[in-house]
Each structure stands twice: as structure tokens, then as C-alpha cells.
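**Q**
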Amino acid sequence: MASDAKAAAKEVQVEPFPLSTLRHSVSHLMASAVAKLYPNVKFGFGPSIEHGFYYDLEIPEHSLEEKDLRRIEKEMRKIAKRSPELVRTSLSRDEARAQLAAQDQTYKVEAVDLIPKDEEITFYTHGDWSDLCEGPHLDRLDRDYHFKLLSVAGAYWRGDEKRPMLQRIYGTAFWTQEALDAHLAWLEEVKLRDHRRIGTDQDLFSVHPEAGAGFVFWHPRLGVVRHEIEKFWWEEHEARGYKPVYSPHVSRETLFAVSGHLENYGEMMYPAMDLEEQPYRVKPMNCPGHSLIYKDRGRSYRELPMRWAELGTVYRYEKSGVVHGMLRVRGFTQDDSHIFCTPDQLAGEIAGVLDLVKLMLTTFGFDYTAYLATRPVEKSIGEDAIWKAATAALGEGAKLAGIPLELDDGGGAFYGPKIDFKVKDAIGREWQNSTVQCDFNLPERFDLEYTDSDGQKKRPIMIHRAVLGSLERFVGGLIEHFAGRFPFWLAPEQIAVIPIREEHADYARSLAAKLEAEHFRVDCMDDPSHMNKRIKQAQERQVPYMLVVGEREEADGTCAVRRRGTRDQAVVPFERVLEVVRDLRSRRSLEVPALDT
RNA sequence: GCUGCUGUAGCUCAGUGGUAGAGCACUUCCUUGGUAAGGAAGAGGUCACGGGUUCAAGUCCCGUCAGCAGCUCCA
Numbered sequence: 278m279a280s281d282a283k284a285a286a287k288e289v290q291v292e293p294f295p296l297s298t299l300r301h302s303v304s305h306l307m308a309s310a311v312a313k314l315y316p317n318v319k320f321g322f323g324p325s326i327e328h329g330f331y332y333d334l335e336i337p338e339h340s341l342e343e344k345d346l347r348r349i350e351k352e353m354r355k356i357a358k359r360s361p362e363l364v365r366t367s368l369s370r371d372e373a374r375a376q377l378a379a380q381d382q383t384y385k386v387e388a389v390d391l392i393p394k395d396e397e398i399t400f401y402t403h404g405d406w407s408d409l410c411e412g413p414h415l416d417r418l419d420r421d422y423h424f425k426l427l428s429v430a431g432a433y434w435r436g437d438e439k440r441p442m443l444q445r446i447y448g449t450a451f452w453t454q455e456a457l458d459a460h461l462a463w464l465e466e467v468k469l470r471d472h473r474r475i476g477t478d479q480d481l482f483s484v485h486p487e488a489g490a491g492f493v494f495w496h497p498r499l500g501v502v503r504h505e506i507e508k509f510w511w512e513e514h515e516a517r518g519y520k521p522v523y524s525p526h527v528s529r530e531t532l533f534a535v536s537g538h539l540e541n542y543g544e545m546m547y548p549a550m551d552l553e554e555q556p557y558r559v560k561p562m563n564c565p566g567h568s569l570i571y572k573d574r575g576r577s578y579r580e581l582p583m584r585w586a587e588l589g590t591v592y593r594y595e596k597s598g599v600v601h602g603m604l605r606v607r608g609f610t611q612d613d614s615h616i617f618c619t620p621d622q623l624a625g626e627i628a629g630v631l632d633l634v635k636l637m638l639t640t641f642g643f644d645y646t647a648y649l650a651t652r653p654v655e656k657s658i659g660e661d662a663i664w665k666a667a668t669a670a671l672g673e674g675a676k677l678a679g680i681p682l683e684l685d686d687g688g689g690a691f692y693g694p695k696i697d698f699k700v701k702d703a704i705g706r707e708w709q710n711s712t713v714q715c716d717f718n719l720p721e722r723f724d725l726e727y728t729d730s731d732g733q734k735k736r737p738i739m740i741h742r743a744v745l746g747s748l749e750r751f752v753g754g755l756i757e758h759f760a761g762r763f764p765f766w767l768a769p770e771q772i773a774v775i776p777i778r779e780e781h782a783d784y785a786r787s788l789a790a791k792l793e794a795e796h797f798r799v800d801c802m803d804d805p806s807h808m809n810k811r812i813k814q815a816q817e818r819q820v821p822y823m824l825v826v827g828e829r830e831e832a833d834g835t836c837a838v839r840r841r842g843t844r845d846q847a848v849v850p851f852e853r854v855l856e857v858v859r860d861l862r863s864r865r866s867l868e869v870p871a872l873d874t
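Shown next, in the form of C-alpha cells:
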């Protein structure tokens, strides 16, 4: 560790430019190479980004393909050698505009007008190529660094879907070959963990053209995973005073007119179906239904807080280009809950929710960061005093729960402030699932009330919260987080029992029966294929433990335990195996520990 | 939805306008194997779907559906 830190410090000393500057300069280098190869190119923006850089460009006569990237890389190396000096120059606004217009760089002309009036307009030039850019940049392009162009895709000019679509080239750059290689290896790892690939390989889920894009079919092997998660979820919710509610998937359209979803969310909703001349809609959210339950009779302050939970399946129209495996779908189940409480109870309720979020995320092995999102500057509803109080209550709740908050200023919903969680998975990617939102809007729209101790009708606050977000997205993310190697309590098959020869099958079956009697998920692999093959199959299905049994084990009442991903052959009494797996399951442990005697 | 690419066996993929292919998986038989693929045979196809060009289309063109990389949007 110490030597790593020293090496890193040394690199910083040797290279006076930050990585983002390197990448920005390499994007310029790339642009100049493209200009050489395709003289009619028009340029958009070309910034450095988290893992590299991109440049947006328009080449009227050519659609770039992967193979063009190799040509461009070659040209880049040539240019870096031939014209290494990067020169910064400054022009007046009119000169800049005139120069870019003369070059027919229409997007760049527009870019000039985006620069604030009091700022200097600068260009960076190497060789005969020059780009409007505020910098900063490397001094020379022939410094020692390493880059690779990665992919091409379309991107709207200035991110606006009403504007022309440009071609975008993504690439990355590092100071050392090792760092570049490490990043490319990371990209490979991302591919290997792709839940769609693992989903197919391990027979977890599927989507079908017959059913439509964005509708997920959970296979039995993933069905158990979900079921285990749901059991865990209900256990923890019941322990915290949540009551299950169930609401219908289809309701009269008027319900969503009352809730405001028709007006504000209508584009995401499936169109109406008419029954006896009444329009009905499939629900895009669960909250209107829960509001109806609240409203069904008068409520007293004595009843509050009320915590209602539902694994509620909702349907939303998502544009065809955005559906993605289990992560972005058109029908999904939210682990939803609505808490109705008084303003005084808010902080305590928030603390309870945050505590639950912490427990659940930790159980799945996620690190997390929580963000407090405050009142948006544009449109939002409710009095400022309520916003202030609710925001303070969120902060206080977080304090009570011992969760530090980062600030997401102005990131709240129009109907109230919220706390969002970002989790970091096993390879450092961020996902957003958990959310806790205060809502002043729906109680208003549904005219929800309770009678307070002073006999006055008052408006409850509604907390919307989801811990996992949606089961589809969460489990899709889990597959990637665990790379298909689910912890013992979640594994589709927890234990494989493998008799070496057919004559050991009875012993194997007796062990399997004992495990099944305790409701472990066991595969007794007593088919007559070769043992090595069965071990390979179990290994490929990521079964946490294999119990290999032959003559010796049968004689001693033991089994040879092989752990997933290892070549362990620990011979232990079967009773010991039982102890360990009972413990792993009851603790919902993330470990698959080695067994020894 | 938009731009580009792709769609051949359950999976991964070859396939030059002229008779549909491989490996793995599957089925059957043989194999009795001590920790990641034993052997042989067999079965499996409306080349996504619908049009078109052509003597002839898996191959070329158009449309639809679906997938992939992004963009926009999102749990």
C-alpha cells in the first residue's frame, strides 16, 4: 500500500497535468485526425468525461464504424508526432464567429454565442487544426501517454432530441499503459457481469418478442431469488410496523385525474381501455390506490403514523430505445410503501425508513451515499414554511439514523423534498434505487385528513419510499453486483450433492433428503454422467457448496466439501455442513466460508 | 422515439447470389469415473417476419418486429 501511494505521488510529480486535461487534449487530437480523414466534418463538443472523453461530430458523407476507429487512432499518432505543440490564442467574439463561419463550422459558431459575454474567447491550435476551446490543455501532444478509441454512437447536438443527431466517438486515455490496460480489463469485467448474459447462461430470466419489449419473465431459478428477497423484505417491514395492503392494477381513469398523474405523467401511462363506456387505466404508481384506502373513512391522530407496504406492480410506457434487460422495463414491481403521519412525527418516521434502508443495503453488501434533495428553483407546490420544516425533518431523521447526508441542492420533487441513496456495487459502479420522499401534493389532491387532538381536521404528510426501488432493477443490479455468484441465502441452488459413482447415490440422496427437510435448495446430481462433468456443471451454475461423496465419506458419515470458485476438498462430518449452512442462511451472510473439521 | 449496427439450431458463432454448417447443450447407447468437459450415434432450421429485385436470395433492396452501442428520458 505504502509503495503504491508513493508510486502514485511520483506519477503526479512527473505529470503536471490532471487526467482530465490529458483526455481533453486527446479528444482534440482525435478531432484533428478525423478532420484529416474526413475534410467535410463539422464539430460539436468534445469534453473529457468520467472514464475518458468523447467528441461529437457530423460527417455528412460517412457513418463511422468500429473499424474506422483504428484508422483514426493511426492518424492521431502521426499528428501527435508531427505537430506536437498546442498553442493557445485569443480572438474577439466577432473574429471568432467570422473565422468559424468561414470554415462552415456551424455548431462551433453556435458555441461561440454560448460563451458568457465577459469571458475571453480562446482557441487551441496544433498543426493546421484549431478548435474553439477554453482549455486547459497539455503543452505538447508528444508527451508519454496511452489512449484508445472505444465506440461510436449517435448523440443529439446539445443533448436536445429536437436538434440534429451527430456522431459521437468515445475514447479514453491514461498516462501509463498499465492504467489503460486496467481500465480496458475493467470494461471486460463489466461485460462479463452483464446481467443479460448471466441471465441467459444461468437460466434466470427472459424477454420475448411475443410478449413485447420491456416485459420480464422470471424463470424458476430467479424466482427463488426474488422470493427470498421478498421474504426478507416482509420480515423487516412487519417488524417495523408496516401493514401489507394490496391495490388493483387497473382503475378508472378518474382516479388518475384526481391524483394528477393523467396531467403530469400521462405520457408515461398506457392508453385507456373502455369498459361499458368508462375509460380505465393500468396503474403507473401505487400511491393513488393507497390514498383511496386512507380516505375510505375518517382518520384520527391516534392512528398515525400508518405505514402501508405493497410490492406493487406498475406499468409505464418507456420509449423503445431505452428498454434494457431487467434494468429498464415497462412493467415492474416497486417495493413501495406510503407512510401517513403528522408533521411532528416526520423526523422519527424518516429515521425509521433510513434505518431500514441501511439494513437492507448492507445485507446485500452495498456501500451507499445519501443525498438530501431540497426545493427545486422552478415550479414546486406548497408553502415555504412546510418545505423548510420537512427538509429539516429529513435532516433530523438522518441524524437520528446516523446517516450522513450530502446535499443535492434543488434536486427535490415538485411536491416535496427527498433523500435519495446511491449505492456502489462490487466494481465501483453507482446505482440509484432507494428513495424517501415527502409529499404535500397528494394529501391535498385527495383531500386527506385526520382529526387532531384539538378536534381540528388536519392534513397528514405522506411519505413515499422505496428501499429496493423496483425488484426488476434491483435484482438485475444484484446479478451484476455478485457477478452471478449469489450469496448462500439467495443462491438458486445452495448445495449440490455429487456421488462419485452410482453405488454412492443412495448416500448422496440421504444427505440431500436431510437438507431438503430443512428447506435448503439442493440438487442431488446422481445422474450417471461422469463426476468431473457434474462438478463442472455445478461450478458453472455457481452453486455455493458441492458435497462430493464416495466410499470413504459414506463409511464415515462425512462429505468432501468443494466451495464455489475453489478446488477445496475439505472432508467434514455432514453435521458440520448442516451447522454452517443453517448459520449462513439465518444470518443472510454474504460469505461462503471454507469448511474444516 | 432518434442515429448507427445486428438478427442463421436452446447457446456461441462460420457461411463468395447457386444443395443449411461447426462447437457446446439435448436424446439414446456404451463408459464405474476421487474434484472444471469419457466415447459413439442421433435428433434439432419457415436463415426474425412481410414484401420486392433476380433464372436463382440466408446473402441484394424496402418495410415491420426484436436485440446491441449511445443520445434523450427513467424505478
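Positions 278 to 874 (the working numbering) are the ones given, in order, by the first sequence.
Every residue gets a Cβ at the ideal spot worked out from N, C-alpha and C, and that includes glycine.
Only a predicted model underlies this, so the values are computations on that prediction, with no experimental measurement involved.
Under a Cβ-count criterion, where at least 16 other Cβ atoms within 10 Å of its own Cβ denotes burial, should GLY431 be classed as buried or exposed?
**A** Start at 1 with the first residue of the first sequence, and residue 431 comes out as number 154. GLY431 should be labelled exposed.
**Q** Return the CA-CA distance between ARG445 and TYR331, expressed in angstroms with no decimal places.
**A** Walking along the first sequence from the start, residue 445 turns up at place 168. Walking along the first sequence from the start, residue 331 turns up at place 54. In a straight line, the C-alpha of ARG445 is about 6 Å away from that of TYR331.
**Q** PHE751 to ALA357, Cα distance in whole Å?
**A** If you number the first sequence from 1, residue 751 lands on position 474. If you number the first sequence from 1, residue 357 lands on position 80. Between PHE751 and ALA357, the C-alpha separation is close to 45 Å.
**Q** Pick out the complete alpha helix (DSSP H) segments inside the segment 346-426, 4 residues or longer, and give them in chain order.
**A** 370-379 and 383-391
**Q** Note down the Cα distance separating VAL799 from ILE627, rounded to an integer number of angstroms.
**A** What you label residue 799 is simply residue 522 of the first sequence in a count that begins at 1. What you label residue 627 is simply residue 350 of the first sequence in a count that begins at 1. Rounded to whole angstroms, VAL799 to ILE627 spans 41 Å at the Cα level.
**Q** If VAL600 sits next to ALA490, beta carbons under 8 Å apart, how far is it from one beta carbon to the other, in whole angstroms?
**A** Sequence index remark: in the first sequence, residue 600 carries index 323 (1-based). Sequence index remark: in the first sequence, residue 490 carries index 213 (1-based). Contact holds; Cβ gap of about 5 Å.
**Q** Which term fits LYS425, buried or exposed, when burial requires 16 or more other beta carbons within 10 angstroms of its beta carbon?
**A** Counted from its first residue, the first sequence places residue 425 at position 148. Counting the other Cβ atoms within 10 Å of the Cβ of LYS425 gives 16 or more, which makes it buried.
**Q** Going straight from the alpha carbon of PRO497 to that of ARG503, what length do you get?
**A** Reading the first sequence from its first residue, position 220 is the one you call residue 497. Reading the first sequence from its first residue, position 226 is the one you call residue 503. If you take the alpha carbons of PRO497 and ARG503, they lie about 10 Å apart.
**Q** Looking only at its own chain, which residues have a Cβ that is under 8 Å from the Cβ of ALA456, when we skip the five neighbours before and after it?
**A** Start at 1 with the first residue of the first sequence, and residue 456 comes out as number 179. So the list reads HIS423, once near-sequence residues are dropped.
**Q** Between which residues of its own chain and ALA847 is the CB-CB distance below 6 Å, once the five residues before and five after are set aside?
**A** For the purposes of this step, residue 847 is taken as residue 570 along the first sequence, with counting starting at 1. Only VAL838, LEU872 and ASP873 meet the Cβ criterion.
**Q** Provide the residue span of the alpha helix (DSSP H) that contains ARG829, from first to last.
**A** Indexing the first sequence from 1 puts residue 829 at position 552. Counting along the chain, the alpha helix (DSSP H) containing ARG829 begins and ends at 828-833.
**Q** Where do the ends of the beta strand (DSSP E) carrying ALA710 lie?
**A** Counted from its first residue, the first sequence places residue 710 at position 433. Going by the sequence as given, residue 710 is Asn instead of Ala. Counting along the chain, the beta strand (DSSP E) containing ASN710 begins and ends at 707-716.
**Q** Where does THR728 fall in DSSP's three states?
**A** Here residue 728 refers to the residue found at position 451 when the first sequence is read from its first residue. Strand at THR728.
**Q** For ASN317 versus PRO337, is the C-beta spacing smaller than 8 Å?
**A** For this step, residue 317 is matched to residue 40 along the first sequence. For this step, residue 337 is matched to residue 60 along the first sequence. Yes, the Cβ-Cβ distance between ASN317 and PRO337 is below 8 Å.
**Q** Is VAL854 close to the ligand HEM? I mean its beta-carbon at under 7 Å from any heavy atom of the ligand.
**A** The ligand HEM is not part of the structure shown, which contains no ligands of any sort.
**Q** Quick one: residues in its chain with C-beta nearer than 6 Å to the C-beta of GLU828, no 5 flanking neighbours on either side, listed in chain order?
**A** Within the first sequence, residue 828 is the residue found at index 551, counting from 1. Result list for GLU828: empty, nothing under 6 Å.
**Q** Starting from ALA650, trace the beta strand (DSSP E) in both directions and tell me its first and last residue.
**A** Position 373 of the first sequence holds residue 650. Element bounds for ALA650: 644-650.
**Q** Return the chain-ordered list of same chain residues with a C-beta closer than 7 Å to the C-beta of VAL654, the five sequence neighbours on each side being excluded.
**A** Locating residue 654 in the first sequence gives position 377, where the first residue counts as 1. Within the same chain, VAL654 has close Cβ partners GLY687.
**Q** Closest to ILE680 by C-alpha separation, out of PHE691, SER730 and LEU638, would be which residue?
**A** For this step, residue 680 is matched to residue 403 along the first sequence. Comparing alpha carbon positions, the residue from PHE691, SER730 and LEU638 closest to ILE680 is LEU638.
**Q** Are the beta-carbon atoms of ASP252 and TYR648 separated by less than 8 Å?
**A** Missing from the structure shown is residue 252; the chain here goes from 278 to 874 and no further.
**Q** So is ILE326 buried or exposed if we call it buried at 16+ other beta carbons inside 10 Å?
**A** Counted from its first residue, the first sequence places residue 326 at position 49. Counting Cβ neighbours within 10 Å, ILE326 comes out exposed, since fewer than 16 surround it.
**Q** Figure out for me which residue from SER297, ARG778 and GLN771 has the closest Cα to the Cα of ARG862.
**A** In the first sequence, counting from the first residue as 1, residue 862 sits at position 585. That would be GLN771, whose Cα lies nearest to the Cα of ARG862.
**Q** Taking the DSSP output, what are the residues bridged to ARG445?
**A** Counted from its first residue, the first sequence places residue 445 at position 168. ASP333 and ALA430.
**Q** Measure the beta-carbon distance from ILE740 to HIS615 and round it to whole angstroms, keeping in mind my assumption that it falls under 8 Å.
**A** Position 463 of the first sequence, counted from the first residue, corresponds to residue 740. Position 338 of the first sequence, counted from the first residue, corresponds to residue 615. Yes, they are in contact, since the Cβ atoms of ILE740 and HIS615 sit about 7 Å apart, within 8 Å.
**Q** Quick one: using the 10 Å Cβ neighbour count with 16 as the cut-off for buried, is PRO764 buried or exposed?
**A** Here residue 764 corresponds to residue number 487 of the first sequence, with the count starting at 1. Under this definition PRO764 is a buried residue.
**Q** Which residues does DSSP pair with TRP495 in a beta bridge?
**A** On the first sequence, position 218 is the one that residue 495 refers to. According to DSSP, residue pairing for TRP495 in a beta bridge involves PHE482.
**Q** Find out if the Cβ-Cβ distance for the pair TYR592, TYR547 is shorter than 8 Å.
**A** In the first sequence, residue 592 corresponds to position 315, counting from 1. In the first sequence, residue 547 corresponds to position 270, counting from 1. In contact: TYR592 and TYR547 (Cβ atoms closer than 8 Å).
**Q** According to DSSP, is THR639 helix, strand or coil?
**A** On the first sequence, residue 639 is found 362 positions in, with the first residue counted as 1. THR639 falls in the helix class under three-state DSSP.
**Q** Return the residue from the list PRO324, PRO361 and LYS439 that minimises the CA-CA distance to THR402.
**A** For this step, residue 402 is matched to residue 125 along the first sequence. With distances taken between Cα atoms, THR402 lies closest to PRO361.
**Q** Start and end of the beta strand (DSSP E) containing GLY746?
**A** Position 469 of the first sequence, counting from 1, holds the residue named residue 746. Element bounds for GLY746: 738-747.
**Q** Closer than 7 Å by C-beta to GLN622: which residues in its own chain qualify, once you throw out the five before and the five after it? Chain order, please.
**A** The count along the first sequence starts at 1 and reaches residue 622 at position 345. Counting only Cβ-Cβ distances below 7 Å, and skipping sequence neighbours, we find LEU581 and PRO582.
**Q** Which residues share a DSSP beta bridge with CYS836?
**A** Working through the first sequence from its first residue, we reach residue 836 at position 559. CYS836 is bridged to VAL849.
**Q** Using alpha carbons as the reference points, say which of LYS468, SER407 and ASN541 lies closest to TYR692.
**A** In the first sequence, counting from the first residue as 1, residue 692 sits at position 415. The candidate whose alpha carbon is nearest that of TYR692 is ASN541.
**Q** Throw me the rounded Cβ distance for the LEU363 and ARG417 pair, which I believe falls under 8 Å.
**A** The residue you call residue 363 lines up with position 86 of the first sequence. The residue you call residue 417 lines up with position 140 of the first sequence. Rounded, the Cβ-Cβ distance is 7 Å, consistent with contact.
**Q** Taking just the CA atoms, how far does GLY629 sit from ALA669?
**A** As a first step, residue 669 is located in the first sequence; it is residue number 392 there, counting from the start. As a first step, residue 629 is located in the first sequence; it is residue number 352 there, counting from the start. If you take the alpha carbons of ALA669 and GLY629, they lie about 16 Å apart.
**Q** Which same chain residues end up closer than 7 Å to MET603 when comparing Cβ atoms and leaving out the 5 residues on each side of it in sequence?
**A** For the purposes of this step, residue 603 is identified with residue 326 of the first sequence, where counting begins at 1. HIS472, PHE482, VAL493, GLU749, ARG750, VAL752 and GLY753.
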